[in-house]
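Trainee:
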Amino acid sequence: MGKKPVKQTQKTNKIMREEDLVSSYHDMLLIRRFEERAGQLYGLGKIGGFCHLYSGQEAVVTGIAKAKLPEDQMITAYRDHGHILACGVDPYNVMAELLGRADGVSKGKGGSMHMFDVDKHFYGGHGIVGAQVPIGTGLAFANAYKEDKNPAVSITYFGDGASNQGQVYESFNMAALWKLPVLYIIENNQYAMGTSVERASAQTDLSQRGRSFGIEGRQVDGMDIEAVYAASLEALEHARSGKGPFILEMKTYRYSGHSMSDPAKYRKREEVKDMRQHHDPINMLKDRLIERKLMNEEEAKKIQDEVFDVIEQAANKALENVEPDSSALMTDIYVEENHAS
Amino acid sequence: MPVEVVMPALSPTMEQGKIASWTVKEGDKVEAGDVLAEIETDKALVELEAAADGEVGKLVIEAGTSDIPVNTPIAYLLRDGEALSDIEIAPAPAPVPEKPETPVPTASEQPPSSSVVPQPTPVTIAADPELPADAEMTEQSVREALRDAMAEEMRRDEKVFVIGEEVAEYEGAYKVTQGLLDEFGPKRVIDTPIVEHGIAGLGVGAAFAGLKPVVEFMTFNFAMQAIDQIINSAAKTHYMSGGLVTCPIVFRGPNGAARRVAAQHSQDFSAWYAHIPGLKVVAPYTASDAKGLLKAAIRDPNPVLVLENELLYAVKADVPVSDDYILPIGRAKILRAGSDVTLVSHSRSLDACLEAATHLSAEGVDCEVIDLRSLRPLDTATVIASVQKTNRLVTVEEGWPVAGIGAEISAAVQSAAFDYLDAPITRVTGLDVPLPYADNLEKMALPSTDKVIQAINTVCYRQG
């Protein structure tokens, strides 16, 4: 197991609190186990359609969740299970959604790609590559419109693939022009479906994609939760203080195929194995916690068992949950109140 | 319990697979993520990974075996402390039959199902508000009426703002937003770069967050750049979120043929948007309807498209002077009562309908002219009631004939009033061609008074 030296977060000098580090181990494991269980249930034919797993990328969303304020919104594309779990939504309701059951976060009508929890400021869950970027920019527009001194920041996630979409640049331009409080997180997991960044992008340093709009950007080791946290904290402050958008390119890696039906022939198995063995965000954090005596093996095992149980219970309960009642088919098409407010 | 490894479903459609090869043997230690086997599906060769750490206890099915149904146990992994004897081999699911034993009835053999298709709970749509006889009226152009609708709603609700290309300092490419910047300032009347897709998406996000954007498209031709956001984001998110997310947004601007600007700048999108569940679509004809419907659209908690018409902007009519003149969305209006034939249309094509009706009344043909006003919801009840009275129907629209508004009206009327029809329903539409530039060709391609008269003569079995 490669033990990297702890990166200094010299720019901000802001380091994660000890309890946040330990709880991050729990939160990342929760996402990992959830995704493993989702993969199994997909294999069993219980989960239908498309299913994009987040395993390998957990440090990104977990580190940002620790750095953000509760009212900061998050929005992402279809690889969204980790994001909604990081917002604190019960894994049971997330799993029920994956299974297309009545207690799903979207009542079983959205599925894997369309998860929402507005109360927890999570705005989805969007199936069209890049479409969440102007929407996230619109959330930031609404935040600015309120004219609060410390506005909420819209944390808008997209992938290396979406970073080539035209609407991303329409959004960058408006966000910079109007100094909107938005943090763009490019989760560069190195493959847009089967096409590597090098094969798709003329400029592979995606953090610089905002340069022609004057948007600052930084590359971050997205496998290192402390680096993610420190960079996000700084970027969130930038966006919140009225200086406009900021871009963080999180260099990360997905272990699974693009979706469950992806045979992943575009990369070598050794590459995945190397990432899992030497750069796994969860194991790296665990090693650090043990090294710094914030956790011992026994406590780690306890957290693992606890997470395993939580996910098992969530999955088993979700499997027993009923499918949506047929009466749900034709509801929620329109808001059925006229001229409210 | 040993971990069961089953033939996985590797795609939304996979039902069976083949074990191309095992890459482990019994007794091997494996970690989560290690490859166990290569599975051949109908689309690809996929590596099957171990979901958990353990020891390969038993390989149940030999490499090379085909047509293994999904979910069949193919191997067992032993976890810490488990022995081979713990394995209870589960029976394989029944094999997938080659052919169904009893043929599934084809659609044509099944009873008609239209009566059992689930429908949304019908919503009662109120009638137009009754104006007192002494209600104050003012003569206004459609343009002014639309502007007043926005201004009144902006005064009423701080959350309403107008955004689009040239809406602020230029006061609108067609001067519809005249005066708004002066009154409401740049925070609420916002000029944008030329980014239809971006503005539509930004508006959707602002609406998700509780604001009430009025997004102006300079014309709806350019909204095709934004149609993904309008349909996939604005129209569908309420449903996909199980009702959690709402999108109270208005997309408005001129729609339909202008004059001699050729095919890319002249197109009627009525049928396009009317097709989409989750959207409401209105197309006002008169100045008072323009005001009442745009105000209703802004107050509506759903995404509403307001399809205006450039050639109608200057047309004047009496408009009620009232901040609360709200029209119901989803109610057609009878512009002219008559007993011999029903003409159904919307927006500028109503000019041709009304002229034809006036012309033919001199010849003793009494036309009823219905302005749909709303294309979704579509007020088929008013049309059907009219056809039950006149027994004849002509639909008129600028849009293309295929899958158009007239086609939809025809389907509704034949279904509900088949026995009332004394003649086949006739459609007058834009011709099935991109709109040409040349003056004569353009006129030939669009509905006209003459074409409507011809159609009326046809359904009345008259010699024109």
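Line order of the protein sequences matches chains Y and L.
For the first sequence, the positions run 1 to 341 when this note's numbering is used.
For the second sequence, the positions run 342 to 805 when this note's numbering is used.
For every residue, glycine included, the Cβ atom is placed at its ideal position computed from N, Cα and C.
Please list the partners that residue 137 of chain Y has in chain L, where partner means a Cβ-to-Cβ separation under 8 Å.
Mentor: Stepping through the first sequence from its first residue, residue 137 of chain Y is reached at position 137. Correct list: 539, 542, 543 and 546.
Trainee: Tell me the rounded alpha-carbon separation between residue 744 of chain L and residue 280 of chain Y.
Mentor: For the purposes of this step, residue 744 of chain L is identified with residue 403 of the second sequence, where counting begins at 1. For the purposes of this step, residue 280 of chain Y is identified with residue 280 of the first sequence, where counting begins at 1. Computed Cα separation, rounded: 54 Å.
Trainee: According to DSSP, is residue 476 of chain L part of a helix, a strand, or is it coil?
Mentor: In the second sequence, the residue the question calls residue 476 of chain L occupies position 135. Looking at residue 476 of chain L - three-state DSSP - the assignment turns out to be coil, as it is neither helix nor strand.
Trainee: Please tell me whether residue 558 of chain L has its Cβ less than 8 Å away from any Cβ of chain Y.
Mentor: If you number the second sequence from 1, residue 558 of chain L lands on position 217. Residue 558 of chain L does not count as touching chain Y.
Trainee: Below 7 Å on C-beta distance, what does residue 643 of chain L contact in chain Y?
Mentor: Residue 643 of chain L sits at position 302 when you count from the first residue of the second sequence. In chain order: 334 and 335.
Trainee: Going along the chain, which residues of the region 196 to 219 of chain Y sit with their C-beta nearer than 7 Å to a C-beta in chain L?
Mentor: none
Trainee: Taking only beta-carbon atoms, is residue 570 of chain L less than 8 Å away from chain Y?
Mentor: Reading the second sequence from its first residue, position 229 is the one you call residue 570 of chain L. Yes - at least one Cβ of chain Y is within 8 Å of the one on residue 570 of chain L.
Trainee: Do the region 506 to 523 of chain L and the region 482 to 489 of chain L touch if we need at least three Cβ pairs shorter than 8 Å?
Mentor: yes
Trainee: Using the C-alpha atoms, what's the distance from residue 55 of chain Y back to residue 292 of chain Y?
Mentor: Position 292 of the first sequence, counting from 1, holds the residue named residue 292 of chain Y. Position 55 of the first sequence, counting from 1, holds the residue named residue 55 of chain Y. Near 25 Å, if we compare the C-alpha coordinates of residue 55 of chain Y and residue 292 of chain Y.
Trainee: Assign residue 78 of chain Y to one of two classes, buried (16 or more other C-beta atoms within 10 Å of its C-beta) or exposed (fewer than that).
Mentor: Counting from one through the first sequence, the residue named residue 78 of chain Y turns up at place 78. Classification of residue 78 of chain Y: buried, given that the 10 Å Cβ count is 16 or more.
Trainee: What number of angstroms, rounded off, separates the C-alpha of residue 733 of chain L from the C-alpha of residue 632 of chain L?
Mentor: As a position in the second sequence, residue 733 of chain L is number 392, starting the count at 1. As a position in the second sequence, residue 632 of chain L is number 291, starting the count at 1. Residue 733 of chain L and residue 632 of chain L: Cα-Cα distance of roughly 32 Å.
Trainee: Would residue 150 of chain Y be called buried (16 or more neighbouring beta carbons within 10 Å of its own) or exposed?
Mentor: By one-based count along the first sequence, residue 150 of chain Y stands at place 150. Exposed, since its Cβ has fewer than 16 Cβ neighbours within 10 Å.
Trainee: Does the distance from the CB of residue 152 of chain Y to the CB of residue 143 of chain Y come in under 8 Å?
Mentor: Reading the first sequence from its first residue, position 152 is the one you call residue 152 of chain Y. Reading the first sequence from its first residue, position 143 is the one you call residue 143 of chain Y. Their beta carbons are under 8 Å apart, which means residue 152 of chain Y touches residue 143 of chain Y by this criterion.
Trainee: Taking only the alpha-carbon atoms, compute the straight-line gap between residue 107 of chain Y and residue 100 of chain Y and give it to the nearest angstrom.
Mentor: Translated into the one-based positions of the first sequence, residue 107 of chain Y becomes position 107. Translated into the one-based positions of the first sequence, residue 100 of chain Y becomes position 100. Going by the C-alpha atoms only, they are around 8 Å apart.
Trainee: For residue 322 of chain Y, go through chain L and note every residue whose CB falls closer than 7 Å to its CB, in chain order.
Mentor: Counted from its first residue, the first sequence places residue 322 of chain Y at position 322. Here the premise fails: no neighbours, minimum Cβ distance about 15 Å.
Trainee: Using only alpha-carbon positions, find the residue among Y:24, Y:193, Y:109 and Y:34 that is nearest to residue 331 of chain Y.
Mentor: If you number the first sequence from 1, residue 331 of chain Y lands on position 331. Ranking Y:24, Y:193, Y:109 and Y:34 by Cα distance to residue 331 of chain Y puts Y:109 first.
Trainee: Along the region 159 to 175 of chain Y, what residues have a CB closer than 8 Å to any CB found in chain L?
Mentor: 166, 167, 170, 171, 173 and 174
Trainee: Would you mind telling me which residues of chain L sit closer than 7 Å to residue 45 of chain Y, beta carbon to beta carbon, in chain order?
Mentor: For the purposes of this step, residue 45 of chain Y is taken as residue 45 along the first sequence, with counting starting at 1. Correct list: 350, 411 and 412.
Trainee: Which residue comes first and which comes last in the beta strand (DSSP E) that contains residue 154 of chain Y?
Mentor: The sequence position of residue 154 of chain Y within the first sequence is 154, counting from 1. Its beta strand (DSSP E) spans residues 154 to 159.
Trainee: Candidates L:780, L:648 and L:571: which alpha carbon is nearest residue 596 of chain L's?
Mentor: On the second sequence, residue 596 of chain L is found 255 positions in, with the first residue counted as 1. Residue L:648 is the option with its Cα nearest to residue 596 of chain L.
Trainee: Taking C-beta pairs closer than 9 Å, name the residues in chain L that residue 330 of chain Y reaches, listed in chain order.
Mentor: For the purposes of this step, residue 330 of chain Y is taken as the residue at position 330 of the first sequence. Near residue 330 of chain Y (Cβ distances below 9 Å), the residues of chain L are 459, 460, 461 and 462.
Trainee: Got a sec? Which residues, its chain only, sit under 8 Å from residue 127 of chain Y by beta carbon, not counting five neighbours each side?
Mentor: In the first sequence, the residue the question calls residue 127 of chain Y occupies position 127. So the list reads 77, 78, 113 and 114, once near-sequence residues are dropped.
Trainee: Is residue 584 of chain L close to chain Y, meaning its C-beta is less than 8 Å from at least one C-beta of that chain?
Mentor: As a working mapping, residue 584 of chain L is identified with position 243 in the second sequence. The Cβ of residue 584 of chain L sits closer than 8 Å to at least one Cβ of chain Y.
Trainee: When you compare each of L:356, L:369 and L:368 to residue 383 of chain L by their alpha carbons, which one comes out closest?
Mentor: Translated into the one-based positions of the second sequence, residue 383 of chain L becomes position 42. Considering only alpha carbons, the answer is L:356.
Trainee: Please identify the residue among L:602, L:570 and L:503 whose C-alpha is closest to the C-alpha of residue 593 of chain L.
Mentor: Along the second sequence, read from residue 1 onward, the residue named residue 593 of chain L stands at position 252. Selected option, being the one with the closest Cα: L:503.
Trainee: Give me the Cα-Cα distance between residue 145 of chain Y and residue 528 of chain L, rounded to the nearest whole angstrom.
Mentor: Here residue 145 of chain Y refers to the residue found at position 145 when the first sequence is read from its first residue. Here residue 528 of chain L refers to the residue found at position 187 when the second sequence is read from its first residue. Looking at the two C-alpha atoms, the distance is approximately 8 Å.
Trainee: May I have the straight-line CA-CA distance separating residue 419 of chain L from residue 425 of chain L, to the nearest angstrom?
Mentor: What you label residue 419 of chain L is simply residue 78 of the second sequence in a count that begins at 1. What you label residue 425 of chain L is simply residue 84 of the second sequence in a count that begins at 1. Distance between the alpha carbons of residue 419 of chain L and residue 425 of chain L: 7 Å.
Trainee: With three or more beta-carbon pairs closer than 8 Å as the criterion, would you say the region 727 to 741 of chain L touches the region 683 to 701 of chain L?
Mentor: yes
Trainee: Does the beta carbon of residue 679 of chain L sit closer than 8 Å to a beta carbon anywhere in chain Y?
Mentor: The count along the second sequence starts at 1 and reaches residue 679 of chain L at position 338. No, no contact with chain Y.
Trainee: Interface residues of chain Y around residue 470 of chain L at Cβ under 9 Å?
Mentor: For this step, residue 470 of chain L is matched to residue 129 along the second sequence. The premise fails here: residue 470 of chain L is roughly 12 Å from chain Y at the closest Cβ pair, so nothing lies under 9 Å.
Trainee: From residue 587 of chain L to residue 548 of chain L, what does the alpha carbon distance come to, in whole angstroms?
Mentor: By one-based count along the second sequence, residue 587 of chain L stands at place 246. By one-based count along the second sequence, residue 548 of chain L stands at place 207. Looking at the two C-alpha atoms, the distance is approximately 7 Å.
Trainee: Name, going along the chain, the residues of the region 508 to 520 of chain L whose beta-carbon falls closer than 7 Å to a beta-carbon of chain Y.
Mentor: none
Trainee: Once you ignore the five residues that flank residue 46 of chain Y on each side, which residues in its own chain have a CB closer than 8 Å to its CB?
Mentor: In the first sequence, residue 46 of chain Y corresponds to position 46, counting from 1. So the list reads 99 and 319, once near-sequence residues are dropped.
Trainee: Give a yes or no on whether 8 Å exceeds the smallest Cβ distance from residue 549 of chain L to chain Y.
Mentor: Counted from its first residue, the second sequence places residue 549 of chain L at position 208. Output row for residue 549 of chain L: interface = yes.
Trainee: Around the C-beta of residue 759 of chain L, are 16 or more other C-beta atoms found within 10 angstroms, so that it is buried, or is it exposed?
Mentor: The residue given as residue 759 of chain L occupies position 418 in the second sequence. Under this definition residue 759 of chain L is an exposed residue.
Trainee: Thinking just about the alpha-carbon of each residue, which of Y:258, Y:300 and Y:271 is nearest to the one in residue 351 of chain L?
Mentor: Within the second sequence, residue 351 of chain L is the residue found at index 10, counting from 1. Among Y:258, Y:300 and Y:271, the Cα nearest to that of residue 351 of chain L is on Y:258.
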